[in-house]
Amino acid sequence: MGATFVVVLREGFEAALLLGIVYAYLTQIGHAESRRYVTIGGALAVVASIVMGVAVSALSGPLADIGPDVIALVVIFGAVALLTWHGWWMGRHAREMRGDLQRRVDEAHASQQLWMVGLIAFTGVFREGAETVLFLWGLMTQLEDVSGWTALAGGAAGLIGAAVLGWLVFQGGRRLSVQRFFAVTSVLILFVAAGLFSSGIGRLQSMGLLPGGEPLWDTSWLLDDHGSIGGFLAGLVGYRARPSALEIIGYILYLAGATALVLPGLFGRRAPRNGNNVVEPATPSHV
Amino acid sequence: MRRLVRSSLLVIVALGTLIAPIAAAHAQDKTVEIPLTASNQAFDPAELKVKAGQAFVLVVTNNDPKKAVEVENKDLRIEKVVPAGKTVKIRVRALKPGTYIFVDDFNPSAKVKIVAE
């Protein structure tokens, strides 16, 4: 039971974290009603995960060999693109909000972007979704004996545990002040995206599409990425005890580039406080 | 609408450029294929020898009628599900001499030791 609990909790944690942040984010910008986009995105991802799980079980041959790898790569790099865009957008709004704290994000401006939030929820859930489906499916087919039931109970407890973690993130995020919330989540999301980006590079290396792959250093004596803390950090910010040179370069380059894109909005100049309380017009977005 | 068409086209092109080299690499795969069987929560054989400095393909057959297996080695960034009763090919890049432990991520007590020499 303990083992299945850990497996499902680990697979579900990242999704729960992202969902918690996005739900809290929508609440913070005064768009609680738009949380349905996130719910729809997450629900569609569960459906897609089940379809993918069935497809992987039904298919065979080259499609089954490379299909999951290709989809994993698309999801990883797609998620990086979405998270970068999301961070950039949040950074910009943080700047606008400093001008007038109570002002809510412009309705039309925001709603134009909200379907993207649903897409973020989708990639977050779908990333480990198919694997979790296959794992839970395997558990459900063994219900004829007691150990099967305890294993399934462990899996269910893992799902609940992940959901509770996501809910805690949501509750915590809601209680932070708006700017602090934006600053914390923007920075966190940059690290999450950097970790994803470098893990995508690692996958390309393991598939032989990028050269290299030998670890550059080994910090497993300090913090092993197989352990609970190391594994947690691996899922969250892409910690690797034995990273390859390209993975490190990718991580740093991504972080530098994305920071240049996002942070000026977060910690940059204050919006001018005019006496007549004119708020800077939001620049039109092109997404 | 036009934007939707354009972005779907972009996605298709991107997918194509991704799949093509991988498929090509698979098609002309003359690399050694090494069979490995998973059943009863264990791998058979439990230890494999491969040539160092040479990529190979691990052909994993999951004989369990119900349980999926996830072959994983974090250092090699390999994480591949083998559904119940299926066979999946896993490309492994050229390895430096040494010992590499692959585990079943869904059942960590199942391990296979791959010795590159």
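Residue numbers (our numbering), protein chains in the order written: chain A, 96 to 382; chain B, 31 to 147.
In this text, a Cβ means the ideal position worked out from N, Cα and C, and glycines have one as well.
Small disclaimer: the values here were computed from a predicted structure and weren't measured.
Helix, strand or coil at residue i [DSSP, three-state]
| i | result |
| --- | --- |
| D320 (chain A) | coil |
| S69 (chain B) | strand |
| Y349 (chain A) | helix |
| A223 (chain A) | According to the sequence displayed, residue 223 (chain A) carries Glu and not Ala. Here E223 (chain A) sits in helix by DSSP. |
| Y120 (chain A) | helix |
| E109 (chain A) | helix |
| S129 (chain A) | helix |
| E202 (chain A) | Confidence at E202 (chain A) is low in this model, with a pLDDT of 48, below 50, so its placement is unreliable and the value that follows should be read with caution. In this structure, E202 (chain A) counts as helix in the three-state DSSP scheme. |
| D164 (chain A) | helix |
| L40 (chain B) | helix |
| A246 (chain A) | helix |
| P157 (chain A) | helix |
| P359 (chain A) | helix |
| G148 (chain A) | helix |
| G333 (chain A) | coil |
| T98 (chain B) | A small correction: the amino acid at residue 98 (chain B) is Ala; Thr does not occupy that position in the sequence shown. Looking at A98 (chain B) - three-state DSSP - the assignment turns out to be coil, as it is neither helix nor strand. |
| L263 (chain A) | helix |
| G326 (chain A) | helix |
| A114 (chain B) | coil |
| L305 (chain A) | coil |
| G173 (chain A) | helix |
| G268 (chain A) | helix |
| G83 (chain B) | coil |
Cβ-based burial, residue i [other Cβ within 10 Å; buried from 16]
| i | result |
| --- | --- |
| M235 (chain A) | exposed |
| I215 (chain A) | buried |
| E202 (chain A) | Only weak support exists for where E202 (chain A) lies, its pLDDT of 48 falling under 50; the value from the coordinates is given anyway. It counts as exposed. |
| R107 (chain B) | buried |
| S139 (chain B) | exposed |
| E109 (chain A) | buried |
| I324 (chain A) | exposed |
| P75 (chain B) | exposed |
| A159 (chain A) | buried |
| A119 (chain A) | buried |
| G156 (chain A) | exposed |
| N137 (chain B) | buried |
| R131 (chain A) | exposed |
| A355 (chain A) | exposed |
| E63 (chain B) | exposed |
| R222 (chain A) | buried |
| G115 (chain A) | buried |
| L66 (chain B) | buried |
| Q84 (chain B) | exposed |
| D105 (chain B) | buried |
Contact under 8 Å by Cβ, residue i with residue j
| i | j | result |
| --- | --- | --- |
| I145 (chain A) | S294 (chain A) | no |
| S315 (chain A) | R337 (chain A) | yes |
| G233 (chain A) | K96 (chain B) | yes |
| L341 (chain A) | A174 (chain A) | no |
| W180 (chain A) | M211 (chain A) | yes |
| N103 (chain B) | Y130 (chain B) | yes |
| K126 (chain B) | A82 (chain B) | yes |
| G249 (chain A) | R105 (chain A) | no |
| I347 (chain A) | L311 (chain A) | no |
| V151 (chain A) | L231 (chain A) | no |
| M285 (chain A) | V357 (chain A) | Here the sequence assigns Leu to residue 285 (chain A), which means Met is not the residue at that position. In contact: L285 (chain A) and V357 (chain A) (Cβ atoms closer than 8 Å). |
| L271 (chain A) | V259 (chain A) | no |
| G136 (chain A) | F265 (chain A) | no |
| V101 (chain B) | V89 (chain B) | no |
| R269 (chain A) | Q123 (chain A) | yes |
| L168 (chain A) | G162 (chain A) | no |
Per DSSP, the bridge partner or partners of residue i
| i | result |
| --- | --- |
| Y130 (chain B) | B:I144 |
| S339 (chain A) | A:P310 |
| N92 (chain B) | B:A68 |
| D74 (chain B) | B:T67 |
| K119 (chain B) | B:V89 |
| I135 (chain A) | In the DSSP output, where bridge partners are listed per residue, I135 (chain A) has none listed. |
| I108 (chain B) | B:N103 |
The ligand SAM heavy atom lying under 7 Å from the CB of residue i
| i | result |
| --- | --- |
| L305 (chain A) | The ligand SAM is not part of the structure shown, which contains no ligands of any sort. |
Element boundaries [beta strand (DSSP E), containing residue i]
| i | result |
| --- | --- |
| T61 (chain B) | Run containing T61 (chain B): none; DSSP gives neither H nor E here. |
| L125 (chain B) | Here L125 (chain B) belongs to no beta strand (DSSP E), and DSSP marks it neither H nor E. |
| L78 (chain B) | 77 to 80 |
Run of the alpha helix (DSSP H) containing residue i, from where it starts to where it stops
| i | result |
| --- | --- |
| F136 (chain B) | Note, F136 (chain B): premise wrong, no alpha helix (DSSP H); not H, not E. |
| L238 (chain A) | First-last for L238 (chain A): undefined, no H or E at that position. |
| S301 (chain A) | 273 to 301 |
Residues that residue i contacts on chain E, provided the C-beta gap is smaller than 7 Å
| i | result |
| --- | --- |
| L106 (chain B) | No chain E is present in this structure, whose protein chains are A and B. |
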